[in-house]
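Below is one structure, written out as structure tokens; comments come after it.
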Amino acid sequence: MYSPSRYKIYLTSIHILIIFFLPIQHKVFAQLQDIPKDIRQETNDQLKSNILELSQEEAVIYEKELLRRLESNSDRVALYEELSRAFSKQGDNKRSIRYVKEAILYAQFIKDKEKLIELYRLLGNSELFAWHDQEALDAYYKALEIAQKQGNIDQKVIFLNPNIAIIRRRMRQLDKALEACNEALAIIPNTIYNNERDHVNLLTIVSEVHLDIQQSETRLDLQQYDTVLKYVNQGLSMSNELDYKAGLIDLYTKKGTVYFYKKDYTAALQYLKTADRILKESEIKHKSFVININYFLASCYVENKEYKNAIDKLQQIIDLKEEEDKNHTRLINTYKLMATSYEGLGESKNSLYWYNKYSTLNEKYQKGKDKVVNTIYEKDTGILGQEIAVQKRNAIYFLCLLIAVSGICILIIYIYKKKQRASKQSFNKLLKKVNQLEMSSKESPKSKEKSREVIIDDEKVRAVLKGLKRLEDQEFFLNTDCSLRSMAKKVKTNATYLSKIINTHKGLSYNDYINNLRIDYAVNRIKSDKKFRSFSIKSIATELGYKSDYSFAKHFKSKTGINPSYYIKRIENI
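Numbered per full-length UniProt numbering, the sequence shown spans residues 1 to 574.
This is the structure:
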């Protein structure tokens, strides 16, 4: 009879046997190959240099000669780790990932737990730089699992929290990202990493998160920018002391980015060009630096209406990223900025071409983001949430004891039942309304459009309403940057006029109009999309364009009469 556990043991045994005989196989294989004499006479350093300079196919023979010389699996771990780090520094993430996976294979065989933590972290970093968020997350959680078993709490917080924070930042979970960074900042002064390169890297991530928080706010908050600059300047000071070129490049780029968002384009260009100069003078070849610098240089040029300069910088990004990675948010935004630049030059055909590329890639990215958000949610409620779950259970037990001792439990149960009945009634009404809307949506829209045209005589009003309908179909209201001003710009009118049209023809204020669209969307998608229902309330709120789960829950209950969590629970039980 088939036994999953026995099958797993069988596979593990085969895997161990393969690893055990790898050293012998490598020697025999190398001896059987016709390795030229001049290659056999090269030093180890010369062989490594050739591997780094040649293509993967051309480097194979040099790699075989190196492996032939190595005596132990520990030496092989060291070799593959060295090659992985070298390719990572060059920005060749594909080869960095390949070599670190080889190193992990040997480290697992010799059971070097400390080295495995380092290697999984290196794998996560390489996947992260390649914008493989799911793979990076898996590697970080593997390193975290080993570190927790080893009791390396400081290492876990300082090395892994900031890296996981980067992924949370990409998923727009900014509060969780900041929480992870602050935890590491509190610990690092008391460790050997204080004022070292890892400290600089942490400050870089913290500044990015604060900058994203500022960009997610509806109003300009200069104090938030001051916070970003505080961390940036602190990191620049450390980088100068350490002569840490990568830190200087990254942080001058961040500083230029801050001034770009502050609309001080002269200062922004100054700091971005400083970063570009340091990069060109150094031996660092990391593509992410080139991409970020060129993107914000192009952004400044667009604002200064220097569209040809902008296109030149954007094309450099596309040449770097299109070949190896088409799921990079910077590439997505680059396509969008390309469309804007060509529009500025009056080249509508080119502008439309790049806008279509932007739309296609953005849709693909959003689908991939759902998968990563789901993994984060599962990990938060699984491995990383075990301690919190225990605390919650203890709190529930204590609360139950208090309720049992007191005589208030009867009143609580009564109130609870009453609310349940009210919620159930509201839910039934809401579900009935949703079903009616689904049925009515099947009716021909022509008659409805015709009746509207009878009422609306003004051609301008009709054009604005048509634009609003188009934005509704495109689900523009789900964007966090959806505002009266941005929507007015989309339908080619001003904010005041748009507000009056919405008030007159929709019978709602602008805020009520947007909230109604979002809540209607939420109600329908929660009912039809099982995966969407599995997200946390905060993640759902973010998907709908809200800046907090509280705001979403408030508007949801105001419109439907029930909390979103209750609605999800009842839908699950249908």
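For each residue, glycine too, the CB sits at the ideal point set by N, CA and C. Since the model is a prediction, treat every value here as computed from it, not as a measurement.
Item to check | Same chain only: Cβ atoms within 7 Å of Gln-56, ignoring 5 sequence neighbours per side | outcome: Arg-95
Item to check | Delimiting residues of the alpha helix (DSSP H) encompassing Cys-482 | outcome: Cys-482 -> no alpha helix (DSSP H), and no H or E assigned at all.
Next on the checklist: Please identify the residue among Asp-198, Ala-541 and Phe-556 whose C-alpha is closest to the C-alpha of Asp-549.
Outcome noted: Ala-541
Item to check | Unbroken alpha helix (DSSP H) run spanning Ser-565, endpoints | outcome: 564 to 573
Next on the checklist: At the level of alpha carbons, what is the spacing between Ile-104 and Lys-111?
Outcome noted: 10 Å
Checklist entry - Is it true that the segment 307 to 319 meets the segment 259 to 277, where meeting means three or more beta-carbon pairs spaced less than 8 Å apart? => result no
Checklist entry - Under 7 Å between the Cβ atoms of Arg-518 and Ile-568? => result no
Checklist entry - Going along the chain, which unbroken runs of the alpha helix (DSSP H) with 4 or more residues stay wholly within the segment 492 to 560? => result 495 to 501, 510 to 528, 530 to 533, 537 to 543 and 549 to 560
Item to check | Own chain, CB closer than 7 Å to Leu-498, minus 5 neighbours either side, in chain order | outcome: Val-464, Leu-484, Met-487, Ala-488 and Val-491
Next on the checklist: Within 7 Å of any Cβ in chain C, is that where the Cβ of Ile-146 sits?
Outcome noted: No chain C appears in this structure, which consists of one protein chain only.
Item to check | Cβ-based neighbour list, Leu-279, same chain, cut-off 6 Å, excluding 5 preceding and 5 following | outcome: Ile-249 and Phe-289
Checklist entry - Exposed or buried, what is Ile-166 when buried is set at 16 or more other beta-carbons lying within 10 Å of its beta-carbon? => result buried
Checklist entry - Do Arg-76 and Tyr-106 have their C-beta atoms within less than 7 Å of each other? => result yes
Item to check | Start and end residues, alpha helix (DSSP H) containing Glu-71 | outcome: Note, Glu-71: premise wrong, no alpha helix (DSSP H); not H, not E.
Item to check | Ile-311 versus Ile-318: straight-line alpha-carbon distance, rounded | outcome: 10 Å
Item to check | Expected contact under 8 Å - CB spacing of Tyr-80 and Val-100 to nearest Å | outcome: 7 Å
Next on the checklist: Starting from Gly-346, trace the alpha helix (DSSP H) in both directions and tell me its first and last residue.
Outcome noted: That residue, Gly-346, is in no alpha helix (DSSP H); it is neither H nor E in DSSP.
Next on the checklist: Can you list, in chain order, the residues of its chain with a C-beta nearer than 7 Å to that of Asn-195? Leave out the 5 residues immediately preceding and following it.
Outcome noted: Met-238
Checklist entry - Are Gln-214 and Gln-224 close, meaning C-beta to C-beta below 7 Å? => result yes
Checklist entry - How far does the alpha helix (DSSP H) with Thr-43 in it reach, from first residue to last? => result Neither: Thr-43 is in no alpha helix (DSSP H) and is coded neither H nor E.
Item to check | As assigned by DSSP and simplified to three states, the class of Lys-263 | outcome: coil
Item to check | Spatially closest choice to Tyr-140 from Gln-41, Lys-149, Thr-257 and Glu-118, by CA coordinates | outcome: Glu-118
Checklist entry - Straight-line CA distance for Leu-314 to Tyr-301? => result 11 Å
Checklist entry - Roughly how many angstroms lie between the CA atoms of Leu-361 and Ser-539, to the nearest whole one? => result 22 Å
Item to check | Asp-226 in three-state terms, based on DSSP | outcome: helix
Next on the checklist: To the nearest angstrom, how far is the alpha carbon of Tyr-335 from that of Tyr-358?
Outcome noted: 5 Å
Checklist entry - Does DSSP put Gly-247 in a helix, a strand or coil? => result helix
Next on the checklist: Rounded to the nearest angstrom, what separates Tyr-521 and Ile-396 at their Cα positions?
Outcome noted: 34 Å
Next on the checklist: Report the CB separation of Thr-253 from Asn-292 in whole angstroms; it is logged as a contact under 8 Å.
Outcome noted: 5 Å
Item to check | Alpha-carbon spacing of Cys-181 relative to Pro-162, whole angstroms | outcome: 5 Å
Next on the checklist: Going by DSSP in three states, Ile-35 sits in which element: helix, strand or coil?
Outcome noted: coil
Checklist entry - Would you call Ser-126 buried or exposed, if buried means 16 or more other Cβ atoms sit within 10 Å of its Cβ? => result buried
Checklist entry - When you compare only the Cα positions, how much space is there between Leu-144 and Pro-189? => result 21 Å
Item to check | Alpha-carbon spacing of Tyr-62 relative to Leu-83, whole angstroms | outcome: 12 Å
Checklist entry - Closest by CA to Phe-87, which one among Leu-401, Lys-287 and Ile-501? => result Lys-287
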